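First the structure, in the form of structure tokens, and then the observations on it.
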Amino acid sequence: MNLISLSFLIFCLITIFIYFLIPKKLQWIVLLISSTIFLFYNNFTVNTLIQAGIVLLTSYFFGILLDKYKNTKKSKIFLIIGISILLFLLIYLKYTNLFLTTFNHIFNLFNIPHQFKMQQHNSLIGISYYSLIMISYLVDIYRNASQAEKNIFKLALFWSYFPILTSGPFIRFKDMKYSLYAKHKFNYDNMCRGLVRILWGIFKLLVISERLGSYVNTVYSNVTTFNGFFIIIAMFFFTLQLYTNFSGSIDIIMGISEILGIELPENFSLPFFSKTITEFWRKWHITLGAWLKDYIFYPLLKSNMMQNLNKICKEKFGKKKGKKIPLYLSMFIMWLIIGIWHGGEYKYILASGIFQFIFILAEDLLEPISTKINNKLGINTKTFSYKLYQVIRTFTLFSFSMIFFRANSISHALSIIKNMFIWNPWIILDNSSLYTAGVDFLDFRVLIISLIVLFIVEFLSRNGDLRDKLFSQNIIFRWGVLFILIFAIIIFGCYGPSYNKTDFIYRQF
Amino acid sequence: MKKTLKSIIFLLIFLVLWNITFNILWLDKNSIQYFFKAKDNTFDVVYIGSSNAYAHFNTVLAYNKYGYTTGLLSTDLQPFSLTKYLIQEAKKHHQNAIYVVDFALAANDIKNFKEGDIRKTIDSMPFDEIRKNALNMALNQAKISKKNILNFYFPFTLYHNRWKEITINNFYREDLYKGYLFNESTIERKPQKYTPFTAEDELIDLAEINEKNLIDLLEYCKKEQIKVLFVLPSRSFSNDTYMKKTNMAIKIIKEKGFEVINFNNVKELNIDYNKDLYNSSHLNVYGSTKYTLYFAKYLKEHYSLPDHRKDSLYSSWNSEYERFKRDFKKLTKQDFTEVVNNYNYS
Numbered sequence: 001m002n003l004i005s006l007s008f009l010i011f012c013l014i015t016i017f018i019y020f021l022i023p024k025k026l027q028w029i030v031l032l033i034s035s036t037i038f039l040f041y042n043n044f045t046v047n048t049l050i051q052a053g054i055v056l057l058t059s060y061f062f063g064i065l066l067d068k069y070k071n072t073k074k075s076k077i078f079l080i081i082g083i084s085i086l087l088f089l090l091i092y093l094k095y096t097n098l099f100l101t102t103f104n105h106i107f108n109l110f111n112i113p114h115q116f117k118m119q120q121h122n123s124l125i126g127i128s129y130y131s132l133i134m135i136s137y138l139v140d141i142y143r144n145a146s147q148a149e150k151n152i153f154k155l156a157l158f159w160s161y162f163p164i165l166t167s168g169p170f171i172r173f174k175d176m177k178y179s180l181y182a183k184h185k186f187n188y189d190n191m192c193r194g195l196v197r198i199l200w201g202i203f204k205l206l207v208i209s210e211r212l213g214s215y216v217n218t219v220y221s222n223v224t225t226f227n228g229f230f231i232i233i234a235m236f237f238f239t240l241q242l243y244t245n246f247s248g249s250i251d252i253i254m255g256i257s258e259i260l261g262i263e264l265p266e267n268f269s270l271p272f273f274s275k276t277i278t279e280f281w282r283k284w285h286i287t288l289g290a291w292l293k294d295y296i297f298y299p300l301l302k303s304n305m306m307q308n309l310n311k312i313c314k315e316k317f318g319k320k321k322g323k324k325i326p327l328y329l330s331m332f333i334m335w336l337i338i339g340i341w342h343g344g345e346y347k348y349i350l351a352s353g354i355f356q357f358i359f360i361l362a363e364d365l366l367e368p369i370s371t372k373i374n375n376k377l378g379i380n381t382k383t384f385s386y387k388l389y390q391v392i393r394t395f396t397l398f399s400f401s402m403i404f405f406r407a408n409s410i411s412h413a414l415s416i417i418k419n420m421f422i423w424n425p426w427i428i429l430d431n432s433s434l435y436t437a438g439v440d441f442l443d444f445r446v447l448i449i450s451l452i453v454l455f456i457v458e459f460l461s462r463n464g465d466l467r468d469k470l471f472s473q474n475i476i477f478r479w480g481v482l483f484i485l486i487f488a489i490i491i492f493g494c495y496g497p498s499y500n501k502t503d504f505i506y507r508q509f
Numbered sequence: 001m002k003k004t005l006k007s008i009i010f011l012l013i014f015l016v017l018w019n020i021t022f023n024i025l026w027l028d029k030n031s032i033q034y035f036f037k038a039k040d041n042t043f044d045v046v047y048i049g050s051s052n053a054y055a056h057f058n059t060v061l062a063y064n065k066y067g068y069t070t071g072l073l074s075t076d077l078q079p080f081s082l083t084k085y086l087i088q089e090a091k092k093h094h095q096n097a098i099y100v101v102d103f104a105l106a107a108n109d110i111k112n113f114k115e116g117d118i119r120k121t122i123d124s125m126p127f128d129e130i131r132k133n134a135l136n137m138a139l140n141q142a143k144i145s146k147k148n149i150l151n152f153y154f155p156f157t158l159y160h161n162r163w164k165e166i167t168i169n170n171f172y173r174e175d176l177y178k179g180y181l182f183n184e185s186t187i188e189r190k191p192q193k194y195t196p197f198t199a200e201d202e203l204i205d206l207a208e209i210n211e212k213n214l215i216d217l218l219e220y221c222k223k224e225q226i227k228v229l230f231v232l233p234s235r236s237f238s239n240d241t242y243m244k245k246t247n248m249a250i251k252i253i254k255e256k257g258f259e260v261i262n263f264n265n266v267k268e269l270n271i272d273y274n275k276d277l278y279n280s281s282h283l284n285v286y287g288s289t290k291y292t293l294y295f296a297k298y299l300k301e302h303y304s305l306p307d308h309r310k311d312s313l314y315s316s317w318n319s320e321y322e323r324f325k326r327d328f329k330k331l332t333k334q335d336f337t338e339v340v341n342n343y344n345y346s
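Protein chains in written order, with this note's numbering: chain A, 1 to 509; chain B, 1 to 346.
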């Protein structure tokens, strides 16, 4: 079920209506039924049923066992078995082809005349999200940070809460259990706030992201014709498309949850105002970053293996340099996992993993040199212009890495980069060239105006939720803004039979 | 209570703005939209057909001459198979009207029509059972994907995208010249070869589906005792097979007891095929003036039609005629009354 579809709208309206109509103690059951329908919508097969059974029963029983054998030797074994089952299912359903491709490359390298055929697995929606969410559930019980849920149906709701199945955010049981199963009274203000957030999400998706997508798709599918500045624009446009698509979906998810009275963690915090890639990743897909830090990076850094390595490196390279090696190694492993999580293809590993690691490593290693150069040249790093330069640099670096994310393959990405270095800036200046790449003159105008609106809204949101400011205005201004937003979506939104809608980019994960 | 009231007011404002927005973004204004917005029982003649109808019959001129009102149910490339549904719909609102059906496209297979041609008619009809039946028939016969059926019930998903195509036409009132659309250009600027209409006894069978649709329409009219006059407009038919198929349609209509006028054979009309057409299929304002003067008189003489010229309820018909005359003068630098007097039909 697509987040922007009539079926999803009707589905949400029915869910919300029943949710507030029935006795409050039964509200979580309504959510469970809706989530089950959403989970199996158009995908109800024996295969998916078995998958759901494995995930739910593994999480439930190992959760109970971990709770029962807390602080004993057995608990570690139960944790390892539980995580292994969940990981095996995730790897089997999502990453089989990554392994098969790797084997095929190795066979080619050694001239072994055997090639594995790629496999198609039918997995439940949101597998990459709920697998990690359920792993964190088990780990938190093991760490005494949370207790196991004794009611399997309540656990099923935590696992399958329908709004987050498409694009996240990552939730944790200890943060969610009260709000998910609590009794919620209908709140008019929550409904208004939720609806405004949903509208803003739809605006980002239909008015901005889809238009950016038309341009990007045209350029990326024909880089020999649309080369040079066409590609440079497409490179920046794809980053914006990814952001508006992903954050727009999150806005809809947050809005629905807000109406239901369920609080979810924020996933974005103005990432494009970041001055470094490190800062960028603290503000982009926040819950994924936090999850990986808590469940991969820190445990890895504190592991015996890394502690031993730390000792050896300190002895060999000195205290300051020595402690960096295990840190960088842990970071590398974490970024590798982020890359793999984004998709079972090398291009994702490179774009979202390796490149980001290299950028962050370079920032760390080059920081003293950069400070020295700035001091020698007398560059004032506190000025607006310097900060602007840093913001543009971060945006450009991230956008460059995303060429690999969007391209069909690594070789396609390399061909895009090769064609990018063709000097044709006049396509921006003449009156027609720019409008031949899938977005015509009028659509381009709508796109630019929408991006300016997006920038203003993001800029004004730096000091808090802009909705608070909107709702404190008088009714004429407030309603005026809402009607402009609604009719901008209705008129300028890319939907209906004349559009080939691009799916939600993060839905595939 | 205050919050509920606020929500209701918000919703009402939204609906008003929605209505205004889609009135502008909707299809270019056409006669069908005007027809169904007009008051009930205000049309004496209902004229149904494709673009020939609104380009050929000057409704305000007919009113000015004889005082009866004509409602046009006509869009560009309107599939003939929709005629029955348009009559059903018109009958609901204008019980005593007589019907003129232009059957120039009766031999044209509905499969040759594009979704857009069908939409222009169906999307202009009111949402009711008749529209639903018309849609089902069109979807089945034109083999349009059922996947798009939802867009016929929620057409804004299609038309919201027309913001790029908005012209001054979208802001016109639907009742401009009471549905008549004139073109002042002449064939002299775009010479076309004229082929005379073939003899009526030269026949080729209609496609099975076309024959079925035609018979279905005729039997419906007969059963409901609807007064219908079938007309074939003066135009240049270059396709010999098509003319012979049209002759077959004439034969079937006559056999069922309905009157047919083939204006291609009406010499008194004096249509100059090099001067009175603006393209191969349509009469320009001069040709349509000749056609209207002749045909309006014929209708007045053969049917009992009222004269509303002294009725203040119909004053808008006079003002639209005056507007037409002014616009005609602006475009052609000629006085329309003189043009009418020159033709000397009345």
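Positions of the beta carbon are idealized from the N, C-alpha and C atoms, including for glycine.
Computed from a predicted structure; not experimentally measured.
What are the residues that DSSP puts in a beta bridge with residue i?
i        : result
B/Phe230 : B/Val101 and B/Val260
B/Gly71  : B/Val46
B/Leu277 : B/Leu283
Quick one: which chain B residues come within Cβ less than 8 Å of residue i?
i        : result
A/Tyr188 : Lys3
A/Phe483 : Ile13, Phe14 and Leu17
A/Ile106 : Here the premise fails: no neighbours, minimum Cβ distance about 45 Å.
Using CA atoms only, rank isn't needed, just tell me which of the options is closest to residue i.
i        : options                                   : result
B/Leu150 : B/Asp123, B/Asp109 and B/Ala142           : B/Asp123
A/Phe162 : A/Ile250, A/Gly201, A/Tyr215 and A/Tyr386 : A/Ile250
B/Leu218 : B/Phe43, B/Tyr99 and B/Asp307             : B/Tyr99
B/Glu255 : B/Lys222, B/Phe80 and B/Val266            : B/Lys222
A/Phe441 : B/Lys164, B/Ser281, B/Phe22 and B/Ser185  : B/Lys164
A/Lys94  : A/Gln120, A/Ile112, A/Phe421 and A/Lys347 : A/Gln120
A/Val30  : A/Ile14, A/Lys311, A/Ile340 and A/Leu327  : A/Ile14
A/Ser330 : A/Ser136, A/Met306 and A/Lys314           : A/Met306
A/Ser59  : A/Leu451, A/Phe273, A/Phe78 and A/Ala413  : A/Phe78
B/Thr167 : B/Asn23, B/Lys143 and B/Tyr177            : B/Asn23
B/Ala6   : A/Leu451, A/Cys192 and A/Ile428           : Note that residue 6 of chain B is Lys in the sequence shown, not Ala. Out of A/Leu451, A/Cys192 and A/Ile428, A/Cys192 has the C-alpha closest to the C-alpha of B/Lys6.
A/Arg406 : A/Phe237, A/Lys293, A/Glu266 and A/Val446 : A/Phe237
A/Leu460 : A/Phe273, A/Val46, A/Leu124 and A/Asn222  : A/Phe273
B/Met137 : B/Asp117, B/Arg162, B/Ile110 and B/Lys147 : B/Ile110
A/Ser123 : A/Ser131, A/Lys117 and A/Ala182           : A/Ser131
B/Lys275 : B/Glu268, B/Ser288 and B/Phe263           : B/Ser288
B/Val231 : B/Asp44, B/Leu299, B/His94 and B/His160   : B/Leu299
B/Trp317 : B/Ile48, B/Leu61, B/Leu105 and B/Ala53    : B/Leu61
B/Lys143 : B/Met125, B/Asn161, B/Phe113 and B/Lys37  : B/Phe113
Applying a beta-carbon distance threshold of less than 9 Å, which residues of chain B neighbour residue i?
i      : result
A/Phe8 : None at all; the shortest Cβ gap to chain B is about 14 Å.
Give the interface partners of residue i over in chain A, defined as CB-CB distance under 9 Å, in chain order.
i       : result
B/Thr21 : Phe487, Ile490 and Ile491
Below 7 Å on C-beta distance, what does residue i contact in chain A?
i        : result
B/Phe152 : Chain A residues near B/Phe152: none, gap ~10 Å exceeds 7 Å.
B/Lys164 : Leu442
B/Phe10  : Trp479
Mind pulling the chain A residues with CB within less than 8 Å of residue i?
i        : result
B/Thr157 : Tyr495, Gly496 and Pro497
Review point. Should the stretch 155-166 of chain A be regarded as contacting the stretch 100-115 of chain A, the criterion being three or more beta carbon pairs within less than 8 Å?
Key: Taking a contact to require three or more Cβ pairs closer than 8 Å, the stretch 155-166 of chain A and the stretch 100-115 of chain A do not qualify as touching.
Exercise for review: Give, in chain order, every residue of the stretch 436-459 of chain A whose Cβ lies closer than 7 Å to some Cβ of chain B.
Suggested key: Within the stretch 436-459 of chain A, contact with chain B at the beta-carbon level (separation under 7 Å) is assigned to Leu442.
Review point. Counting Cβ pairs, one atom from each stretch, are 3 or more of them under 8 Å apart for the stretch 228-243 of chain A and the stretch 252-264 of chain A?
Key: no
Review point. How about the stretch 174-190 of chain A and the stretch 11-28 of chain A: do they share at least three Cβ pairs that are nearer than 8 Å?
Key: With the rule of 3 Cβ pairs closer than 8 Å, the stretch 174-190 of chain A counts as touching the stretch 11-28 of chain A.
Review point. Pairing CB atoms from the stretch 139-155 of chain A with CB atoms from the stretch 57-65 of chain A, are three or more of them under 8 Å?
Key: yes
Review point. Given 8 Å as the limit, is there contact between the stretch 125-140 of chain B and the stretch 322-334 of chain B, that is, 3 or more CB pairs closer than that?
Key: Flag = no, the stretch 125-140 of chain B and the stretch 322-334 of chain B do not touch.
Point to revise | Touching by the beta-carbon criterion (3+ pairs, under 8 Å), the stretch 309-327 of chain A and the stretch 419-432 of chain A | key: In this structure the stretch 309-327 of chain A does not touch the stretch 419-432 of chain A; the number of beta carbon pairs closer than 8 Å is below three.
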